[in-house]
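Residue numbers (UniProt numbering), protein chains in the order written: chain A, 1 to 303; chain B, 1 to 450; chain C, 1 to 272.
Note that CB positions come from ideal geometry on N, CA and C, so glycine has one too.
All values derive from a computational prediction rather than experimental measurement.
Structure record follows, encoded as structure tokens.
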Amino acid sequence: MITDAAGLGRARATAFVLPALVLIAVFLVFPALWTIYLGLTDYRLTGLQAANPQVVGLDNYTSALGDPRFLSSLWLTVAYVGGSAVIGQAGLGFALAWVLRTRRGTVRRLVEGVVLLSWILPSTVVGFLWFALLDRDGGTLNALLGTPGFAWLLDHPLLSIIVFNTWRGTAFSMMLYSAALENVPPSHLETARLAGANVFQQLRDVVFPLIRRHVLTNLLLISLWTFNDFTPFVLTGGGPEGRSEILPIYVYNIALRGGELGLGAAVSFLILLINLVFALAYLRLLRGRRRQEATAAAGGPPA
Amino acid sequence: MRPVLIGAALLLALAACGTGQPSSPGSVTLTIAANSISGGKNSESADWIRTWVIPEFERSHQNVKVLFQPSGVEDEQYKTKLSLDLKSKTGADVIDVDGIWVGEFAQAGYIKPLAEVGGPTVDGWEGWSQIPQAVQGLGIFDGKKYGLPQGTDGRVLFYNRTLFKKAGLPEPWQPASWQEIIDAGTKLKAAGVPVPIQINAGTAMGEATTMQGALPLLTGAGSEIYTTGKWTGASQAMKDVLGFYQQIYSKGLGDPKLQQEAKGRDKSFAQFAEGKIAILAESDYFWRSVIEPKAGVAPMAERDAVVGYAKIPAKQPGGGIRGQDFVSMSGGAVRVLNPFSKNPKLAWELLAFMHSAAATKSQLAGQVRISARDDVNAEVLTADPMLKYIAEEVLPITAYRPPLGVYPQVSVALQEATAAVVSGASPEEAAVAYQTKLERLVGGAANIAG
Amino acid sequence: MIRHTVGRLVSTVFVAVVLALFALPMLWLAAAPFDASPTITTSVPEFTLANFAAILDNPYALGSIGNSLIQGGGAAVLVVVLAALAAYALSRVSVPGRDVLLYLLLLLSSVVTGTAAMVPIFELATRLNLIDTHLGVILVVSGGLLPAAIFILKDFMDETPTSYEESARVFGASPLQILRHITVPLVRPGLATIGVWALASVWGGFLFQFILLRDPEKSPGSVILYTLYTEGGAPKLDLISTFSLLYSLPVVAMYLFVSQRYGFRFHGGIKR
Numbered sequence: 001m002i003t004d005a006a007g008l009g010r011a012r013a014t015a016f017v018l019p020a021l022v023l024i025a026v027f028l029v030f031p032a033l034w035t036i037y038l039g040l041t042d043y044r045l046t047g048l049q050a051a052n053p054q055v056v057g058l059d060n061y062t063s064a065l066g067d068p069r070f071l072s073s074l075w076l077t078v079a080y081v082g083g084s085a086v087i088g089q090a091g092l093g094f095a096l097a098w099v100l101r102t103r104r105g106t107v108r109r110l111v112e113g114v115v116l117l118s119w120i121l122p123s124t125v126v127g128f129l130w131f132a133l134l135d136r137d138g139g140t141l142n143a144l145l146g147t148p149g150f151a152w153l154l155d156h157p158l159l160s161i162i163v164f165n166t167w168r169g170t171a172f173s174m175m176l177y178s179a180a181l182e183n184v185p186p187s188h189l190e191t192a193r194l195a196g197a198n199v200f201q202q203l204r205d206v207v208f209p210l211i212r213r214h215v216l217t218n219l220l221l222i223s224l225w226t227f228n229d230f231t232p233f234v235l236t237g238g239g240p241e242g243r244s245e246i247l248p249i250y251v252y253n254i255a256l257r258g259g260e261l262g263l264g265a266a267v268s269f270l271i272l273l274i275n276l277v278f279a280l281a282y283l284r285l286l287r288g289r290r291r292q293e294a295t296a297a298a299g300g301p302p303a
Numbered sequence: 001m002r003p004v005l006i007g008a009a010l011l012l013a014l015a016a017c018g019t020g021q022p023s024s025p026g027s028v029t030l031t032i033a034a035n036s037i038s039g040g041k042n043s044e045s046a047d048w049i050r051t052w053v054i055p056e057f058e059r060s061h062q063n064v065k066v067l068f069q070p071s072g073v074e075d076e077q078y079k080t081k082l083s084l085d086l087k088s089k090t091g092a093d094v095i096d097v098d099g100i101w102v103g104e105f106a107q108a109g110y111i112k113p114l115a116e117v118g119g120p121t122v123d124g125w126e127g128w129s130q131i132p133q134a135v136q137g138l139g140i141f142d143g144k145k146y147g148l149p150q151g152t153d154g155r156v157l158f159y160n161r162t163l164f165k166k167a168g169l170p171e172p173w174q175p176a177s178w179q180e181i182i183d184a185g186t187k188l189k190a191a192g193v194p195v196p197i198q199i200n201a202g203t204a205m206g207e208a209t210t211m212q213g214a215l216p217l218l219t220g221a222g223s224e225i226y227t228t229g230k231w232t233g234a235s236q237a238m239k240d241v242l243g244f245y246q247q248i249y250s251k252g253l254g255d256p257k258l259q260q261e262a263k264g265r266d267k268s269f270a271q272f273a274e275g276k277i278a279i280l281a282e283s284d285y286f287w288r289s290v291i292e293p294k295a296g297v298a299p300m301a302e303r304d305a306v307v308g309y310a311k312i313p314a315k316q317p318g319g320g321i322r323g324q325d326f327v328s329m330s331g332g333a334v335r336v337l338n339p340f341s342k343n344p345k346l347a348w349e350l351l352a353f354m355h356s357a358a359a360t361k362s363q364l365a366g367q368v369r370i371s372a373r374d375d376v377n378a379e380v381l382t383a384d385p386m387l388k389y390i391a392e393e394v395l396p397i398t399a400y401r402p403p404l405g406v407y408p409q410v411s412v413a414l415q416e417a418t419a420a421v422v423s424g425a426s427p428e429e430a431a432v433a434y435q436t437k438l439e440r441l442v443g444g445a446a447n448i449a450g
Numbered sequence: 001m002i003r004h005t006v007g008r009l010v011s012t013v014f015v016a017v018v019l020a021l022f023a024l025p026m027l028w029l030a031a032a033p034f035d036a037s038p039t040i041t042t043s044v045p046e047f048t049l050a051n052f053a054a055i056l057d058n059p060y061a062l063g064s065i066g067n068s069l070i071q072g073g074g075a076a077v078l079v080v081v082l083a084a085l086a087a088y089a090l091s092r093v094s095v096p097g098r099d100v101l102l103y104l105l106l107l108l109s110s111v112v113t114g115t116a117a118m119v120p121i122f123e124l125a126t127r128l129n130l131i132d133t134h135l136g137v138i139l140v141v142s143g144g145l146l147p148a149a150i151f152i153l154k155d156f157m158d159e160t161p162t163s164y165e166e167s168a169r170v171f172g173a174s175p176l177q178i179l180r181h182i183t184v185p186l187v188r189p190g191l192a193t194i195g196v197w198a199l200a201s202v203w204g205g206f207l208f209q210f211i212l213l214r215d216p217e218k219s220p221g222s223v224i225l226y227t228l229y230t231e232g233g234a235p236k237l238d239l240i241s242t243f244s245l246l247y248s249l250p251v252v253a254m255y256l257f258v259s260q261r262y263g264f265r266f267h268g269g270i271k272r
């Protein structure tokens with residue numbers, strides 16, 4: 001949309017953007033750049049290095065990249081994002097949006113209500129809820145499954161937090177895809193169905209091309225959020241033995257618990273870079289398809 | 001644009017209430033910060049400051065207004081907030097800190113020796129003669145006094161007499177060596193006790209692993225974690241400690257899973273109260289706040305009849321530090337002066353007042369615990385035989401942690417070593433990994449003994 | 001036809017399973033506050049209202065929920081207003097590189113919301129005299145939320161048709177009038193959703209609120225919740241469960257109100 005339909009003009013547009021931009025510049029860009037600078041020092045919260053921090057160049061980066069705990073944390077995080085955001089939230093969110101699209105009334109409101117509730121409950125509260133669900137001795141899940149003493153959080157910590165975060169964040173994807181599916185004309189689906197396409201083919205050939213941009217937005221945002229998600233800390237504390245220590249928890253442990261703020265800042269910047277890699281991968285994947293599509297279909301305006 | 005107007009009005013209103021500073025000319029304001037809060041964590045201490053310290057001090061100092069800044073959160077978070085305040089040269093005038101932070105705060109320039117801040121009256125304070133040298137050590141760094149200790153604690157083995165009777169064990173029980181603990185555990189297990197022994201291990205329990213497990217055992221094996229400028233590495237004593245963990249957790253005498261759980265320590269409390277754990281190493285905090293019959297977290301109505309306590313034995317008689325038969329570890333909070341205080345002399349008066357005999361007695365009215373002052377202890381502790389036992393039997397043999405900035409990370413390394421053993425590594429492997437990590441933390445093998 | 005029936009059946013089972021799985025964890029919140037001796041186990045409570053009396057005795061509990069409303073509400077209003085203005089302008093006027101810029105800001109927001117940024121944030125707030133003020137909390141958290149809010153809202157704005165705006169312009173409406181009378185009504189459910197999202201994000205936040213505030217009279221519920229532990233770090237479950245319930249209610253109420261009044265969906269209802 002670059003037509004400037006409202007006759008905004010550059011000057012007014014700038015005035016509209018300015019308040020947000022000022023706030024972002026002061027409270028986001030400035031502290032973020034400062035944090036990135038701290039990543040180049042040996043700054044600590046207390047002790048001698050707190051009084052006289054020294055610039056140590058890339059030492060923090062080399063020591064993080066050489067730390068097996070960082071590397072295992074990195075892979076855990078990738079699995080966590082892939083499992084809970086990409087497969088869990090986006091997958092389940094889309095499935096819900098797809099199934100609920102044809103339903104109205106109580107069932108739809110109920111399902112949406114419960115899914116949204118798990119999204120808006122405060123994170124500390126949510127930690128206790130899941131603790132009560134998964135606990136080894138008195139957990140509700142063990143009582144229901146008849147598996148007393150099964151230690152979900154200890155034996156399957158990563159799986160536990162993946163399921164947890166799927167529960168926590170599916171609402172966003174569900175809402176986004178619900179809105180996106182409203183853009184898909186039912187007549188197109190009907191045509192495909194009459195032509196004998198099964199659900200999967202309908203999704204691939206009719207729905208997906210129309211909502212591709214929403215998929216991109218969704219994946220970008222939920223991956224970023226999941227990469228920075230600290231909530232599992234309430235559930236597992238990163239344990240046992242670091243087996244659920246995803247990167248935000250790793251940063252918390254070294255920066256706040258260990259007081260190594262310089263190292264923590266460096267790892268934060270590494271998280272940013274990894275996010276960037278993910279974003280570029282999504283863009284490439286979804287843009288690339290669009291170009292193929294455009295050459296194949298030659299026409300049909302993208303949504 | 002209604003929302004814009006509301007937003008603007010809201011921001012203005014908020015900006016207005018942010019600038020209101022209550023200060024009348026001629027009066028002085030002092031602030032006390034503590035990690036306690038009414039209705040929450042350590043509420044007795046917060047209530048004491050609000051309802052006793054402030055009115056009493058203000059009565060004798062007419063122009064002084066005293067404010068209280070409560071926190072009541074996890075220690076690391078409180079420490080972070082203090083560090084940020086002191087780093088930007090602000091913060092409360094009298095500050096409550098854990099004794100173990102004194103060194104790193106002093107190194108960072110966040111605090112200064114009391115005499116430097118409070119002036120010459122500091123050294124002449126009447127209370128010094130009442131505080132035992134070892135307890136004063138909680139506030140001392142590099143030979144200088146930075147803080148006034150509030151009190152201390154001691155670690156013992158708590159045991160369930162009912163379960164001991166069931167297993168045919170003698171009681172009162174006082175093991176003389178580690179082997180006797182293992183033997184008792186074996187008998188308890190044979191008698192059907194689900195978890196005979198709970199010695200904290202692993203990283204999830206945090207400092208509780210170090211203070212209740214690794215360090216008392218290490219002193220029992222004859223070695224301190226830091227002594228004469230060197231840290232203890234993968235020495236024989238360290239391997240003995242890890243070997244003891246292995247004996248407990250590989251033979252089913254302890255519950256390995258409990259050491260991994262995020263809320264494992266809370267659960268160990270609950271299980272002890274339910275009679276599922278027979279022997280548990282803890283500080284007197286366990287007695288006065290956890291299984292306390294009325295207000296405890298895991299109350300035991302029959303605590304006084306059912307729960308016994310014994311000193312932690314050295315590996316073998318005479319094998320502990322200083323050739324002791326029994327060992328313990330102690331810690332405690334101190335109060336320091338903010339070196340950036342605008343009224344440092346008055347702040348010292350407030351601090352000294354908070355540590356006077358009258359104030360200390362008043363603080364203990366809410367909950368009996370071991371204060372720093374001998375005169376007060378002699379009077380108050382008669383009310384609780386367990387705390388009297390700690391004061392008389394345990395404090396003389398106890399040891400303290402080194403107040404150095406790197407200690408918290410060494411502590412984590414110790415926790416990781418115990419975690420490795422509990423989940424199946426051999427003591428040798430765990431000790432080697434610990435040594436490697438220690439070298440990175442303390443700047444090379446030159447700073448490590450053993 | 002059979003395929004259709006089977007499909008319907010499968011989807012009904014799916015919906016039922018999802019409903020059960022999502023509701024299951026919430027049982028504890030419904031039971032524990034009313035239990036005389038709550039544990040981490042969800043059980044039929046030994047019914048009591050004593051826990052509510054106990055939490056009302058806490059001098060900060062109720063006030064902290066009010067503080068959460070001020071901080072969360074302030075941040076939500078600020079984020080929605082600023083993000084809507086910015087998103088509208090960015091959507092209607094082409095600025096070279098705006099998508100890249102927006103995404104970069106989004107990435108930086110991930111640094112600032114992490115633990116490692118606490119020192120810069122604290123020093124910034126100290127220098128701007130924002131320590132121990134509601135405003136400080138609002139500005140800091142808003143800074144972290146704005147990029148995502150603009151990112152999402154710009155997407156919605158891109159989707160609303162511009163034909164109405166063009167006609168309004170022909171009739172002489174100013175850009176602000178067009179935004180207010182035409183675009184905002186179209187994206188209102190989206191704005192409401194962003195508002196609730198912002199509120200919910202601030203509602204659970206702990207670290208920045210904790211380091212920026214000094215007076216517990218100004219602390220939000222998330223900070224007070226963390227004080228309901230003992231000296232040794234054991235949770236007082238009676239107080240925590242009860243407070244959790246009370247402290248969750250305003251967000252839920254806000255959501256119900258907003259979804260009744262504005263609808264709770266992403267972007268407007270106009271089909272293209």
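Under a criterion of Cβ atoms nearer than 7 Å, no residue of chain C is adjacent to PHE158(B); the nearest Cβ is some 14 Å distant.
Chain A has a Cβ within less than 9 Å of the Cβ of ALA108(B). Less than 9 Å separates the beta-carbon of GLY320(B) from that of ALA221(B). The continuous beta strand (DSSP E) containing LYS65(B) extends over residues 64-70. For TYR309(B), the secondary structure class from DSSP, reduced to helix, strand or coil, is strand.
Taking 9 Å as the CB threshold, PHE128(A) lines the interface with chain C. The C-beta of LYS267(B) comes closer than 9 Å to at least one C-beta of chain A. Cβ-Cβ distances below 6 Å link PRO149(B) to VAL135, LEU138, GLY139, GLY332, VAL334, ALA372 in the same chain, with the five nearest sequence neighbours on each side left out; the list follows chain order. Taken in chain order, the whole alpha helix (DSSP H) runs of length 4 or more contained in the segment 141-216 of chain B are 161-166, 178-190. For ALA425(B), the three-state secondary structure derived from DSSP is coil. DSSP, reduced to helix, strand and coil, places MET329(B) within a strand of the structure shown. In terms of beta-carbon proximity, GLY74(C) stays away from the interface with chain A, with every pair separated by 9 Å or more. When DSSP states are grouped into helix, strand and coil, ILE111(B) belongs to the coil group. Between LEU414(B) and THR210(B) the beta-carbon gap is near 5 Å, inside 8 Å, which marks them as a contact. SER250(B) has a beta carbon lying at 9 Å or more from every beta carbon in chain A.
In the DSSP assignment, SER283(B) falls within the beta strand (DSSP E) that extends over 277-283.
SER222(C) and GLY63(C) have their C-alpha atoms roughly 12 Å apart.
For TYR60(C), the three-state secondary structure derived from DSSP is coil. Excluding five sequence positions before and after GLU260(A), the CB atoms of its chain that fall closer than 7 Å to its own CB belong to ARG44, ILE254, given in chain order.
For a Cβ distance threshold of 8 Å, residue set ARG257, GLY258, GLY259 of chain A lies close to PRO408(B), ordered along the chain. VAL111(A) and PRO45(C) have their C-alpha atoms roughly 26 Å apart.
At a cut-off of 9 Å between C-beta atoms, PHE264(C) counts as an interface residue with respect to chain A. Close partners of ILE121(C) in chain A (Cβ separation under 7 Å): PRO31. Considering only VAL6(C), VAL112(C), ARG92(C), the residue with the shortest C-alpha distance to THR183(C) is ARG92(C). Legend: CB atoms of the segment 34-49 of chain B lying less than 7 Å from CB atoms of chain C belong to residues ILE37, SER38, GLY39, GLY40, LYS41, ASN42. Separation of LEU40(A) and LEU65(A) (C-alpha to C-alpha, rounded to the nearest whole angstrom) is 14 Å. Under the Cβ distance rule, THR46(A) counts among the residues neighbouring chain B, one pair being separated by less than 9 Å.
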